[in-house]
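At position 127 of the sequence shown the residue is numbered 116 (this note's numbering), and the sequence of numbers has no breaks.
A virtual CB, placed ideally from N, CA and C, is assigned to each residue, including glycine.
Worksheet: one structure, shown below.
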Amino acid sequence: MEISDQRISELDGFRGIAVLMVLVWHFIGEVFTPNLGITSRIVYGALILGRTGVDLFFVLSGFLIIGILIDRRQSPNLLQVFYIRRIARIIPPYILLIALFWTITSFARPGVYFNSSIPLAYYLTFTQNWWMSINNDWGPGASSVTWSVSIEEQFYMFFPFVVLLTPPRLLGRALISLAMASAAARAGFHYIYPALGFAPYVNTFLRIDALCIGGLVALAVRDPATMLYLRKRRTKILRIVFCLLAILPLFLCALNTSAEHTMYYWGHSYLALLYGMLLLLIIMNKGSSQTSILRLPVLKFFGSISYSAYLFHPMIIGTFFMMDGRTETLSSLRDAALLAGAFGSTVVFCWLLLRLVEGRLIRFGHRFRYGEQPDATILESLPSGAGRS
-10 MEISDQRISE LDGFRGIAVL MVLVWHFIGE VFTPNLGITS RIVYGALILG RTGVDLFFVL
50 SGFLIIGILI DRRQSPNLLQ VFYIRRIARI IPPYILLIAL FWTITSFARP GVYFNSSIPL
110 AYYLTFTQNW WMSINNDWGP GASSVTWSVS IEEQFYMFFP FVVLLTPPRL LGRALISLAM
170 ASAAARAGFH YIYPALGFAP YVNTFLRIDA LCIGGLVALA VRDPATMLYL RKRRTKILRI
230 VFCLLAILPL FLCALNTSAE HTMYYWGHSY LALLYGMLLL LIIMNKGSSQ TSILRLPVLK
290 FFGSISYSAY LFHPMIIGTF FMMDGRTETL SSLRDAALLA GAFGSTVVFC WLLLRLVEGR
350 LIRFGHRFRY GEQPDATILE SLPSGAGRS
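What follows is the structure in structure tokens.
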């Protein structure tokens, strides 16, 4: 079996946690109004962590994509197979979302969820994040989450050439340099243009640090000397992770007080490091009792539908509340019932989409094989599944 056909079971669970974080935030956190009570504020502090699920997705995507490119850089048909597999995985659910969104928009009264403020051309070219950056606006709520898909698609488009054109011995330095430049540019942009709050969040160049951190983890686990070095210092790595986790309450308090300043000056960088280190620990301890929670069927299930659930849940929420003649809120049992119905519909719809469409197209994409096997030294050091495409 090829490396790209294997998988680390724990990463499915980790991906499931990422999408559940986003869902909890969008279904509950965004409409939860904390009062002055300590319990209410603690609950909201936990909910607001869901905002960081996208940061975790970026780290996981960087790990996956850069890992594939490292493994297959010697393949003569690397670009062809890479792009075919990405298209088979990403494009069909996305096109379905855009088709449904524009169909509903054409019949519905313009509102918060469905409107044509972002021209269709931006969606079709995966550049809506640039529209959001320039206009300082999310656009219609039903398609607002597609900014992150735009960033990842642009990453998929251009980063293969970064890996191919960078000498292997310099790739780690290149990733570190790009991550540092992105973090510095994000902080600098927010300092110079504090009124433009969207660009540091949705602009591709200002958000690639998390993708690069994921790539650094992919690079590390493929180098036998690096993995030997890390395994000998497992205790020190645990201490670093505990220190990063100890900062989490401070981060959540700061996020609750001043979200933009916190995230743009240091928050996104902190999250990329935290999630990158957790990813490294998971890979180092795969199959052990320490990572057993990530192998729970419920987390693996949500991991399997994570992409479609992330894409479609805002549109489903918007449809439920639009049909009821209101915007999303959580102030009555009726609101709770609408949100519960939207959540259940999201899960069922995405499960059916996986069974009937996504799974078949992913299998179709895997009919296209890379021309060469990975280098033998990579095969010996790579954890099972670290390069699944």
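Just to confirm my understanding: we take residue i, look at its own chain, exclude 5 residues before and 5 after, and list those with CB closer than 7 Å. What are they?
i: ARG284; result: SER(-2), GLU(-1) and GLY2
i: VAL48; result: ALA199, ILE202, GLY203, ALA261, TYR264, GLY265 and LEU268
i: THR280; result: GLU(-1), ILE271 and ASN274
i: MET121; result: TRP127, GLY128, TRP136, PHE187 and VAL191
i: THR155; result: ALA163
i: PRO372; result: The predicted model places PRO372 with a pLDDT of 39, which falls under 50 and marks its position as unreliable; any figure quoted below should be read in that light. Counting only Cβ-Cβ distances below 7 Å, and skipping sequence neighbours, we find ILE(-3), VAL210, ILE272 and LYS275.
i: GLU317; result: VAL20, ILE306 and PHE310
Does DSSP put residue i in a helix, in a strand, or in coil?
i: GLY360; result: coil
i: LYS275; result: coil
i: TYR182; result: coil
i: ASN104; result: coil
i: SER(-7); result: Because SER(-7) sits at a pLDDT of 41, beneath the cut-off of 50, its placement in the model cannot be relied upon, and the following sentence gives the value as read from the coordinates. In the structure shown, SER(-7) sits in a helix (DSSP, three-state: H, G or I).
i: GLY292; result: helix
i: THR22; result: coil
i: VAL134; result: coil
i: HIS355; result: coil
i: GLU317; result: coil
i: LEU285; result: coil
i: SER373; result: Because SER373 carries a pLDDT of 36, less than 50, the predicted location of this residue cannot be relied on, and the following value inherits that uncertainty. Three-state DSSP puts SER373 in coil, outside helix and strand.
i: PHE47; result: helix
i: PRO118; result: The question names Pro, yet the displayed sequence has Asn at residue 118. ASN118 falls in the helix class under three-state DSSP.
i: ASP212; result: coil
i: SER334; result: helix
i: ASN245; result: helix
i: GLY128; result: coil
i: SER64; result: coil
i: ARG344; result: helix
i: ALA97; result: coil
i: SER236; result: Before going further, note that residue 236 is Ile rather than Ser in the sequence given. Three-state DSSP puts ILE236 in coil, outside helix and strand.
i: ILE84; result: helix
i: ILE17; result: coil
i: ARG74; result: helix
i: ARG222; result: coil
Using the Cα positions of residue i and residue j, report the straight-line distance between them to the nearest angstrom.
i: LEU227; j: PHE148; result: 31 Å
i: ILE229; j: LEU219; result: 12 Å
i: LEU12; j: GLU347; result: 20 Å
i: SER29; j: ARG323; result: 21 Å
i: PHE309; j: LEU234; result: 37 Å
i: ILE282; j: ASN124; result: 42 Å
i: ASN104; j: ALA298; result: 21 Å
i: PHE21; j: GLN69; result: 46 Å
i: ARG(-4); j: LEU208; result: 17 Å
i: SER137; j: VAL191; result: 7 Å
i: ILE197; j: ALA174; result: 11 Å
i: THR391; j: ILE351; result: There is no way to answer for residue 391, as the model of the chain reaches only from -10 to 378.
i: ASN66; j: ARG315; result: 51 Å
i: ALA404; j: LEU58; result: In the structure as shown, the chain begins at -10 and stops at 378. Residue 404 is therefore absent and cannot be evaluated.
i: VAL151; j: ARG62; result: 11 Å
i: LEU368; j: ARG98; result: Residue placement at LEU368 cannot be trusted, given a pLDDT of 36 that sits under 50; the coordinates are not used to answer.
i: ASP206; j: LEU9; result: It is worth fixing the name first, because residue 206 is Val in this sequence and not Asp. Taking the straight line joining both Cα atoms gives about 23 Å.
i: GLU249; j: LEU237; result: 17 Å
i: HIS257; j: ALA172; result: 8 Å
i: SER(-7); j: ILE27; result: Its pLDDT being 41, under 50, SER(-7) is placed unreliably in this model, and the value from its coordinates should be taken loosely. Rounded to the nearest angstrom, the two C-alpha atoms are 48 Å apart.
i: PRO108; j: SER139; result: 15 Å
i: ILE6; j: ILE294; result: 12 Å
i: LYS221; j: SER278; result: 20 Å
i: LEU239; j: TYR259; result: 12 Å
i: ALA326; j: MET169; result: 45 Å
i: PHE90; j: LEU300; result: 11 Å
i: GLY100; j: SER166; result: 43 Å
i: ASP313; j: TYR33; result: 26 Å
i: TYR359; j: SER320; result: 54 Å
i: ARG74; j: PRO286; result: 26 Å
Residues in its own chain within less than 6 Å of residue i by CB, not counting five upstream and five downstream?
i: GLY307; result: TYR102, GLY130 and ALA131
i: ASP364; result: With a pLDDT of 46 at ASP364, under the threshold of 50, the modelled position of this residue cannot be trusted; read the value that follows with caution. Here the set comprises nothing.
i: THR366; result: In this predicted model, THR366 has a pLDDT of only 39, less than 50, meaning its place in the structure is not dependable; the value taken from the coordinates is given anyway. Around THR366: no qualifying Cβ.
i: LEU217; result: none
i: ARG40; result: TRP14
Short of 8 Å in beta carbon distance, which residues of its chain neighbour residue i, apart from the five on each side in sequence? Order them along the chain.
i: PRO303; result: HIS15, TYR102, GLY130, ALA131, SER132, SER133 and VAL134
i: LEU36; result: VAL13, TRP14, ILE17, GLY18 and PHE21
i: PRO81; result: VAL346, GLU347 and LEU350
i: LEU45; result: PHE3, ILE6, ALA7, MET10, LEU260 and TYR264
Contact criterion: CB-CB distance below 7 Å. Does residue i meet it with respect to chain C?
i: LEU86; result: Absent from the structure: chain C. Only one protein chain is present.
Taking one C-beta from the region 175 to 184 and one from the region 75 to 92 each time, how about it: are there three or more such pairs within less than 8 Å? no
Check whether the region 329 to 348 and the region 287 to 303 touch, using three or more Cβ-Cβ pairs below 8 Å as the test. yes
Okay, do the region 113 to 121 and the region 137 to 156 touch, 3+ Cβ pairs below 8 Å being the bar? yes
To test your reading of the DSSP string, which unbroken alpha helix (DSSP H) runs of 4 or more residues are found completely within the region 133 to 207? 135 to 154, 157 to 181 and 188 to 191
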